[in-house]
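Some notes on the structure that comes next.
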Amino acid sequence: MVFENSGIENVVIPQGSLQEIMNHNGCVLGGSWDYERMTFDYKYEIPEGIYYLRFPGYAVDGDVGANNATLQLMDPYMGKHYYPTGIEYGSDEVFPERIVEHAISKIRTISKELTSVAGI
(Lines of atoms letter the chains of each structure in order from A and count residues from 1; the text may use other names and numbers.)
(Lines give C-alpha, C1' and ligand atoms only; values in the text may rest on other atoms or scores of the structure.)
Protein backbone atom coordinates (compact mmCIF):
# COMPACT_ATOMS: atom_id res chain seq x y z
CA MET A 1 0.00 0.00 0.00
CA VAL A 2 1.49 3.30 -1.11
CA PHE A 3 0.41 6.55 0.56
CA GLU A 4 0.58 9.01 -2.33
CA ASN A 5 0.44 12.81 -2.24
CA SER A 6 1.26 13.09 1.45
CA GLY A 7 3.66 15.97 0.84
CA ILE A 8 6.57 13.89 2.07
CA GLU A 9 7.55 13.08 -1.52
CA ASN A 10 8.37 16.80 -2.04
CA VAL A 11 10.80 17.03 0.88
CA VAL A 12 14.55 17.44 0.40
CA ILE A 13 16.23 17.51 3.82
CA PRO A 14 19.64 17.13 5.50
CA GLN A 15 20.26 13.65 6.87
CA GLY A 16 20.72 14.79 10.48
CA SER A 17 17.40 16.66 10.51
CA LEU A 18 15.63 13.70 8.94
CA GLN A 19 17.10 11.28 11.49
CA GLU A 20 16.03 13.51 14.38
CA ILE A 21 12.44 13.92 13.14
CA MET A 22 11.99 10.25 12.35
CA ASN A 23 13.39 9.11 15.70
CA HIS A 24 11.17 11.64 17.50
CA ASN A 25 8.18 10.00 15.78
CA GLY A 26 9.11 6.43 16.69
CA CYS A 27 10.68 5.48 13.35
CA VAL A 28 13.97 3.65 13.21
CA LEU A 29 16.54 3.48 10.45
CA GLY A 30 15.85 0.20 8.71
CA GLY A 31 18.54 -2.27 7.81
CA SER A 32 18.02 -1.39 4.17
CA TRP A 33 20.37 1.55 3.83
CA ASP A 34 23.45 2.03 1.72
CA TYR A 35 25.56 5.02 0.71
CA GLU A 36 22.77 6.42 -1.46
CA ARG A 37 19.49 5.33 0.19
CA MET A 38 17.79 5.25 3.58
CA THR A 39 14.52 3.75 4.80
CA PHE A 40 12.91 4.55 8.13
CA ASP A 41 10.43 2.05 9.57
CA TYR A 42 7.53 2.27 11.97
CA LYS A 43 6.64 -1.23 13.18
CA TYR A 44 3.17 -2.50 14.04
CA GLU A 45 2.94 -5.77 15.99
CA ILE A 46 -0.70 -6.74 16.31
CA PRO A 47 -2.55 -10.09 16.55
CA GLU A 48 -3.08 -10.13 12.76
CA GLY A 49 0.67 -9.97 12.12
CA ILE A 50 3.64 -7.66 11.82
CA TYR A 51 3.41 -4.64 9.52
CA TYR A 52 5.87 -1.92 8.60
CA LEU A 53 5.20 1.65 7.56
CA ARG A 54 8.24 2.66 5.53
CA PHE A 55 9.62 6.08 4.64
CA PRO A 56 12.19 5.77 1.83
CA GLY A 57 14.63 8.39 0.60
CA TYR A 58 17.71 8.68 -1.57
CA ALA A 59 20.73 10.96 -1.47
CA VAL A 60 20.74 13.87 -3.90
CA ASP A 61 24.00 15.12 -2.40
CA GLY A 62 26.59 13.73 -0.02
CA ASP A 63 26.98 10.25 1.41
CA VAL A 64 24.59 8.42 3.75
CA GLY A 65 27.44 6.36 5.24
CA ALA A 66 29.36 9.52 6.11
CA ASN A 67 26.21 11.09 7.65
CA ASN A 68 26.46 14.13 5.39
CA ALA A 69 23.75 13.44 2.81
CA THR A 70 20.86 15.56 1.68
CA LEU A 71 17.92 13.28 0.96
CA GLN A 72 14.95 13.38 -1.37
CA LEU A 73 12.08 11.56 0.28
CA MET A 74 9.60 9.36 -1.56
CA ASP A 75 6.03 8.17 -0.97
CA PRO A 76 5.63 6.18 2.27
CA TYR A 77 4.34 2.63 1.91
CA MET A 78 3.19 -0.27 4.07
CA GLY A 79 3.99 -3.96 3.93
CA LYS A 80 3.26 -7.12 5.89
CA HIS A 81 6.00 -9.35 7.25
CA TYR A 82 5.87 -13.06 6.51
CA TYR A 83 8.25 -15.51 8.13
CA PRO A 84 10.67 -16.61 6.65
CA THR A 85 10.31 -14.79 3.32
CA GLY A 86 10.23 -11.16 4.49
CA ILE A 87 7.97 -8.21 3.79
CA GLU A 88 5.36 -8.24 1.04
CA TYR A 89 4.00 -5.05 -0.50
CA GLY A 90 1.65 -6.48 -3.15
CA SER A 91 -1.68 -4.92 -4.02
CA ASP A 92 -3.41 -8.10 -2.83
CA GLU A 93 -2.24 -7.55 0.77
CA VAL A 94 -4.96 -6.74 3.31
CA PHE A 95 -4.16 -4.19 6.00
CA PRO A 96 -6.28 -3.78 9.15
CA GLU A 97 -8.19 -0.51 9.05
CA ARG A 98 -6.95 0.60 12.47
CA ILE A 99 -3.29 0.52 11.44
CA VAL A 100 -4.05 2.21 8.11
CA GLU A 101 -5.77 5.02 10.03
CA HIS A 102 -2.84 5.25 12.44
CA ALA A 103 -0.38 5.25 9.54
CA ILE A 104 -2.22 8.13 7.86
CA SER A 105 -2.10 10.08 11.12
CA LYS A 106 1.61 9.28 11.57
CA ILE A 107 2.35 10.36 7.97
CA ARG A 108 0.52 13.67 8.48
CA THR A 109 2.44 14.40 11.68
CA ILE A 110 5.80 13.56 10.14
CA SER A 111 4.96 15.48 6.96
CA LYS A 112 4.22 18.65 8.97
CA GLU A 113 7.52 18.39 10.84
CA LEU A 114 9.53 17.63 7.70
CA THR A 115 8.03 20.42 5.63
CA SER A 116 8.55 22.87 8.48
CA VAL A 117 12.26 22.03 8.71
CA ALA A 118 12.70 21.81 4.93
CA GLY A 119 10.99 25.18 4.44
CA ILE A 120 8.27 23.95 2.09
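Residue numbers (the working numbering): -13 to 106. Built from N, CA and C at the ideal position, the CB exists for glycine as well.
Beta bridge counterpart(s) of residue i as assigned by DSSP
i	result
glutamine 58	Val(-2), Tyr44
glutamate 74	Lys66
tyrosine 37	Tyr30, Lys66
Residue i versus residue j: straight-line alpha-carbon distance, rounded
i	j	result
aspartate 20	glycine 43	11 Å
methionine 60	glutamate 31	24 Å
threonine 101	lysine 66	28 Å
valine 14	alanine 52	18 Å
arginine 40	isoleucine 90	12 Å
serine 77	methionine -13	7 Å
methionine 2	asparagine 54	The identity of residue 2 in the sequence shown is glycine, whereas the question assumes methionine. Rounded to whole angstroms, glycine 2 to asparagine 54 spans 8 Å at the Cα level.
Assigned secondary structure, residue i (DSSP; H/G/I helix, E/B strand, else coil)
i	result
valine 103	helix
glutamate -10	coil
glutamate 31	strand
valine 86	helix
Buried versus exposed call for residue i [16 or more other C-beta atoms within 10 Å across all chains shown]
i	result
tyrosine 75	exposed
proline 62	buried
tyrosine 37	buried
6 Å Cβ shell around residue i - same chain, five flanking residues per side excluded
i	result
proline 0	Thr56
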